[in-house]
Each structure stands twice: as C-alpha cells, then as structure tokens.
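*Asks:* Okay, here's the structure, questions in a sec.
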Amino acid sequence: MKLLTLFLCSIFAIYGTDGCGSSCCPPVEMISPCTCFVSGDSPGSCDLDCSAVDDEDHLADIFQRELPCKNFRALQIWDNYNIKRLSAGTFSDVTFEEMNLWFGALETVEDDTFSSMKDTLQMISFDMQKLDDTFPFHIIQTFSNLTVLDLTANKIHNFPENLSSSTLEVLALAENRLQKLPEKPFNLLPKLNAVDLGRTQLKVLPKDLFINNPNMQYVMLRGNNIKNLTKDTFSFSSNKMEWLQLRWNNVGLVEEGTFDGMEGGFQKPAYIDLWDNRITTLDENIWRPLLEKEVGLLMEDNALVCGCDVAWYVNMEEFHHLVHDAVCVSGDSLNSLDPGLFSDC
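Just so we're aligned: the sequence shown equals residues -19 to -1, 1 to 326 in mature numbering (1 follows the signal peptide of the UniProt record, and there is no 0).
Listed below in structure tokens is the structure:
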C-alpha cells in the first residue's frame, strides 16, 4: 500500500487545480461543523473537512446553503460511521476534485451523487467503508478527468463488468472479496497504470490480464491464494512496467512465458516480488530471459532446493545483483553458493 500511496501523491503533485482565490473558505458559521483550510498541495485552493457532521442529512444541509465559493479542491471525512448514503442532492452544485472518505459505514452511492463534478472530479477514495456491488461503477466513464478510483476494504464481491474510462490511471480494489476476475477486466481502461488487487481472495488469474494496457507500471496482487502462474498471464503490452507484486501467495508453478513483456534497465528498474511463496526451482528457461532484460526478483522465504536447476545461475555472477534474498532450504544464500558444487550438472 505504501507504493500505491507514493504513486498517488506523485499524481496530485502534477495536476493543477482551480480554486476561488484567497477567499475560497466560506465563513465558519456557514459550514460548521465542517472546517475549511487552504490546501497545502495547491495554494489558492481550499479543502473541506466534514468529519464531524451528524449524518448524511446534516452534510447535505451544509451544501444546500448559499456558499460564497462552491469550488473546492478536496473533501475529507474521517472516522464518521453515521453517513450511510450519498444521495443525488447531497452536494447540490458544489464541486470537488478529490473525495476522500476513510473509515466509516458508507453503504450507498447514488448514480447522480456527483452530477455537479463530472468535469472536476479527479479522485474518488472511499476506503474502509461498507460499499458493495451496488456501487455505480457505470458512472465512472462519465467523468472527464477522473484518474483515481480507490475502494479499498469495502464489501465488493464481484469485479465490475465492462468497467470503462478513458482517463482512469489508478484502480484500487484491495481487500474486497472478489475471489475471481472476468476475462480481460481492464480492456476498457487504456490509461491504467496502477492496479491494486491485494488480499482479494483470488486463486486463479485469467490470461492476458493487461494485454491492452500500454501504460501499466504497477500491479499489486499480494496476499491472495494464487498457486499457478501460466503462460501469458502477464503478457504486458506496456514497456513501462516497474513493479509486479506477488508476495504472500502460494505460487509454486511458474510456466514459461508467464512474464512476457517485463523489461528493466538502469533508468527504469523493474521488479517481480515473489517473497513468501512456494517456489522450489529456478528453471533457466523461465528466469534467465527476465534477468537478461534486467528484471529483478525478490525471492525471500521460498523453499529453493538449489539442485542442478540453479547451476546456470550460480555460474553467471552478472545476474546475482538482480536476485535478492534467495535462500536454499539448506540455509545457504543462493548468491553465495560455490560453482564447484555443480560441476557434475
């Protein structure tokens, strides 16, 4: 999650924002118990913190008022368990660029909740709420500038069908009980460059997951129950891949051609994180092509047998800087093995 957080921060350091000038904050009495402050990320624009409102009706009442400025950068609501629904009229004609609701009990978002923000909304982050499959994913395609959709730790059980957006760059559905993915789930998201599906109880991955995502950089699949990685699972069409996170799974089988499209280099390092899996061998046909393309491997907590299958690697010291924390079942570090041990292989 740290990697995703850093990535999100970089996005909003780039995008500009149009505020209401130095007087963007309404009088305190007009918005209380909400508070307003000049955004540290974008001087001249203002953020609202409405964490202390009683419920959704109280929130709606504030935005129905004749506020002197109706255009804000961000709304944040933390630790409010009384807001259960965001209705079509909740925000009236007020606009935001970011909607951040974290730690709460939000269950329902109506189709027209963000109707005033079709051209302004860049980020929806509703983390650790109670949203389910009724969330209106179909409205995502109506936003002209939305780059981030983060619904981490909700109650979504099915990956949304035909999820479509010409602008979305980051999709986070981690810690939802998805269990499976449809075929080519990201095909209609051409600008997507980061996906977080960590801890979603996935067991099987369909082929060609990212074949139509030429901008993909970060894929996070940590903490699932994936056992087999088959040919073309990660046939990336992107030459920008930097991080494929598969730690804390049960990966034991990796077929040739699983990671087609992964490339690295000095200016753009790429890593496959396989920490804490069940990989026992290093088949040359699988791993050497990756190392030749400067793709690094994080291999801690795998039960490597370190038989003749690793002889090729042990004898090629030029690859050793790319494989990190690989330890044999004997307790020996893979990178410290004596090549002479494999003279009969």
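All C-beta atoms in this analysis are idealised placements derived from N, C-alpha and C, irrespective of residue type, glycine included.
1) Would K172 pass as a contact of L149 if the rule is Cβ separation under 8 Å?
2) Determine the direct distance from the alpha carbon of D113 to that of D92, and round the result to whole angstroms.
3) Rounded to whole angstroms, what is the Cα-Cα separation between D108 and L87?
4) Run the CB neighbour count on N194, radius 10 Å, all protein chains shown included, and call it buried at 16 or more, exposed below.
5) Return the CA-CA distance between A41 and F167, expressed in angstroms with no decimal places.
6) Mind checking whether D60 and F95 have CB atoms under 8 Å apart?
7) Can you give the Cα-Cα distance for F300 and G288, rounded to whole angstroms?
8) Helix, strand or coil: which one does DSSP assign to G2?
9) Can you have a look at P141 and say buried or exposed, based on whether 16 or more other CB atoms are within 10 angstroms of its CB?
10) Quick one: grab the DSSP three-state call for G321.
11) Mark R158 as exposed unless 16 or more other C-beta atoms lie within 10 angstroms of its C-beta, in which case mark it buried.
12) Under 6 Å Cβ to Cβ from P320, same chain only, skipping five residues before and after it: list those, please.
13) Name the residue from G204, K221, D189 whose alpha carbon lies nearest to the alpha carbon of F215.
14) Which residues mark the beginning and the end of the beta strand (DSSP E) in which F44 is found?
15) In terms of residues, what are the limits of the alpha helix (DSSP H) holding Y294?
16) Measure the CB-CB distance between L285 and V310 and report whether it falls below 8 Å.
17) Between G2 and R54, what straight-line distance do the alpha-carbon atoms span, to the nearest angstrom?
18) The alpha helix (DSSP H) with residue 327 in it runs from where to where?
19) Identify whether L132 lies in helix, strand or coil by the three-state DSSP scheme.
20) In the DSSP assignment, find the unbroken beta strand (DSSP E) run with I58 in it and report its ends.
21) Classify F18: buried if its beta carbon has 16 or more other beta carbons within 10 angstroms, exposed otherwise.
22) Starting from E79, trace the beta strand (DSSP E) both ways and give me its first and last residue.
23) Which residues does DSSP pair with W224 in a beta bridge?
24) By the 10 Å Cβ neighbour count, where 16 or more other Cβ atoms means buried, how is G204 classified, buried or exposed?
25) Helix, strand or coil: how does DSSP classify S66 here?
26) Run the CB neighbour count on D177, radius 10 Å, all protein chains shown included, and call it buried at 16 or more, exposed below.
27) Any idea if E10 is buried or exposed, counting beta-carbon neighbours within 10 angstroms, 16 or more meaning buried?
28) Write down every uninterrupted run of the beta strand (DSSP E) in the region 129 to 188 whose length is 3 residues or greater and which is fully enclosed by it, in chain order.
29) For the beta strand (DSSP E) that L279 lies in, which residues bound it at each end?
30) For S106 and E281, I'd like the C-alpha separation in whole angstroms.
31) Excluding the five sequence neighbours on either side, which residues of its own chain have a C-beta within less than 6 Å of the C-beta of Q122, listed in chain order?
32) If you follow the alpha helix (DSSP H) that I105 is in, where does it begin and where does it stop?
*Replies:* The short version:
1) yes
2) 14 Å
3) 10 Å
4) buried
5) 34 Å
6) no
7) 18 Å
8) With a pLDDT of 47 at G2, under the threshold of 50, the modelled position of that residue is not reliable, and no figure is offered here.
9) buried
10) helix
11) exposed
12) V295, N296
13) D189
14) Element bounds for F44: not the beta strand (DSSP E) but the alpha helix (DSSP H), 37 to 44.
15) 292 to 295
16) yes
17) Any reading at G2 must be qualified, since the residue scores a pLDDT of 47, below 50, and its modelled position is unreliable; the value itself is stated next. About 12 Å.
18) In this structure the chain extends from -19 to 326, so residue 327 is not present and cannot be described.
19) coil
20) 55 to 61
21) exposed
22) 79 to 85
23) Y199, Y252
24) buried
25) A small correction: the amino acid at residue 66 is Arg; Ser does not occupy that position in the sequence shown. Strand at R66.
26) buried
27) exposed
28) 129 to 131, 151 to 153, 175 to 177
29) 276 to 279
30) 33 Å
31) S145, S146
32) No alpha helix (DSSP H) contains I105, which is instead part of the beta strand (DSSP E) from 104 to 108.
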